[in-house]
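Here the sequence shown is numbered in our numbering, starting from 79 and rising by one per residue.
Ideal placement from N, C-alpha and C gives every residue a C-beta, glycine not left out.
Predicted, not measured: the structure shown is a model, and the values here were computed from it.
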Amino acid sequence: MARPRPPFEGSCLRGAVRVGATVAPLLTFACHCRDCRKLSASASALTAVFPGDSSSCIGDLTEGGLFSSGRRHVFCRSCLNFICSPIAGADQRINLRTSILNDAAPFGPFVALRTGEKLPWAHGPAGHSFSQYPAGPDDLQALMNRCADQ
Ligand SMILES: [Zn+2]
Ligand SMILES: [Zn+2]
């Protein structure tokens, strides 16, 4: 799969929230956990991880997915489109929902996460998978390095 080429732009369903990034994603993934499936109303949530200082998210936002286990989820206040999920302790990155990008085609998931909870018929193009999450920051960094090398 060809690596996505910046810059990228996207918006919520209404166009009230606008997102952008000026660098390639650090990582792309599909998370198959129960919360992501419910929040995205799909078999997995597709995410593109960008450095916070090379990406933007402009618009009126509100928190949603309020009973998700230990996570925060951000939605457009106007159309309630799922926008991103800030990760505690990783404010330097933004986990953007891939499907709000204007051209999501080049953002196929590099890795599948939480596959231990995956629906048995859910298959994707990810070349790497974890039954849970990567064990720690070093494993995550190694994954991002491999993603950058593709
Ligand atoms: Zn998840
Ligand atoms: Zn919106």
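Does the separation of the CB atoms of residue i and residue j fall below 9 Å?
i      : j      : result
Arg92  : Asn159 : yes
Cys225 : Phe188 : yes
Ser133 : Ala99  : yes
Leu117 : Arg171 : no
Ser156 : Ala94  : yes
Gly137 : Cys154 : yes
Gln228 : Arg83  : no
Let me make sure I understand the geometry here. Which of the options has the alpha-carbon closest to that of residue i?
i      : options                           : result
Ile161 : Ala213, Thr106 and Cys90          : Cys90
Ser209 : Pro84, Cys109 and Pro164          : Cys109
Thr140 : Ser120, Asp216, Leu197 and Pro164 : Pro164
Leu197 : Val152, Ala119, Asp169 and Ala166 : Ala119
Ala168 : Ala183, Thr106, Phe107 and Phe128 : Phe128
His201 : His151, Pro184 and Phe107         : Phe107
Taking the beta strand (DSSP E) that residue i falls in, what are its first and last residues?
i      : result
Ser134 : Ser133 to Ile136
Arg175 : Arg171 to Arg175
Arg20  : In the structure as shown, the chain begins at 79 and stops at 228. Residue 20 is therefore absent and cannot be evaluated.
Val127 : Ala123 to Pro129
Cys162 : Phe160 to Cys162
Gly98  : Arg96 to Ala99
Leu105 : Leu105 to Cys109
Gly142 : Leu139 to Gly142
With 9 Å as the threshold, decide whether the Cβ of residue i is near any Cβ in chain C.
i      : result
Ser122 : The question asks about chain C, but that chain is absent: this structure has only one protein chain.
Could you pull the start and end residues of the alpha helix (DSSP H) that residue i belongs to?
i      : result
Pro187 : That residue, Pro187, is in no alpha helix (DSSP H); it is neither H nor E in DSSP.
Ser118 : Arg112 to Ser118
Using C-beta distances below 7 Å, list every residue in its chain close to residue i, excluding the 5 sequence neighbours before and after it, in chain order.
i      : result
Pro212 : Leu218 and Leu221
Gly194 : Ser209 and Gln210
Please go through the same chain and pick out, in chain order, the residues whose beta-carbon is closer than 6 Å to the beta-carbon of residue i, but skip the five residues on each side of it.
i     : result
Glu87 : Gly98 and Asn180
Among residues of its own chain, excluding the 5 on either side of residue i, which ones have a beta-carbon nearer than 8 Å to its beta-carbon?
i      : result
Arg192 : Cys109, His110, Cys111, Cys114, Phe208, Ser209, Gln210 and Tyr211
Item to complete: Would you check if the segment 140 to 151 and the segment 188 to 198 touch, i.e. whether three or more CB-CB distances between them fall below 8 Å?
Response: The segment 188 to 198, when compared against the segment 140 to 151, does not touch it at the 8 Å Cβ threshold.
_Contact between the segment 118 to 125 and the segment 205 to 223 (3+ Cβ pairs under 8 Å)_ = These segments do not touch.
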